[in-house]
Amino acid sequence: MSDVTLSPSAAKRINAILAKQSGKDFLRVSVEGGGCSGFSYKFDLDDTKNDDDIVVERDGARVLIDEMSLEFMRGSEIDFSTELIGAAFKINNPNATAACGCGTSFSL
């Protein structure tokens, strides 16, 4: 059990992106050191599932998260938000104690 979920809007957007990318089957979400709050989320398109990846699925959309990143993301929801300032994937992470305005950087 991954404890990470996809919102309906994220699943819809992932499906739309992957439909335009020949040979790419997954959105990969990972956590890296850095960013203005200590950690940052990275989003990539991928065609290969690694042995330590878990797959989060909703409505045909598939997201890969590696084991190490999963530890930082437990209980999170991956969402896609369309706002006046732009549209972007957003991670609603209950473990984050602080986040920055860019929405991709957080601290624990």
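Numbering (the UniProt record's numbering), first residue to last: 1 to 108. C-beta atoms are modelled at their ideal positions from N, C-alpha and C, and glycine is treated no differently.
| When you compare each of Gly33, Pro94, Ser9 to Glu83 by their alpha carbons, which one comes out closest? | Ser9
| Asn95: buried (16+ other C-beta within 10 angstroms of its C-beta) or exposed? | exposed
| field | Closest by C-alpha distance to Leu18, when choosing among Ser81, Gly60, Ala88, Asp51 | value | Gly60
| said: Here's a check: name, in chain order, each residue in its chain whose Cβ is nearer than 7 Å to the Cβ of Gln21, leaving out the five neighbours to either side. | reply: Leu45
| task | Pick helix, strand or coil for Lys24, following the three-state DSSP scheme. | result | coil
| said: Can you look up Ser45 in the DSSP assignment and give me helix, strand or coil? | reply: Per the sequence shown, the amino acid found at residue 45 is Leu instead of Ser. The answer is strand: DSSP assigns Leu45 an E or B state.
| request: Write down the C-beta distance between Thr5 and Val55 rounded to the nearest angstrom, noting that I regard them as a contact closer than 8 Å. | output: No, Thr5 and Val55 are not in contact; Cβ-Cβ is about 13 Å, not under 8 Å.
| query | How about Val29 and Ile78: are their beta carbons less than 8 Å apart? | reply | yes
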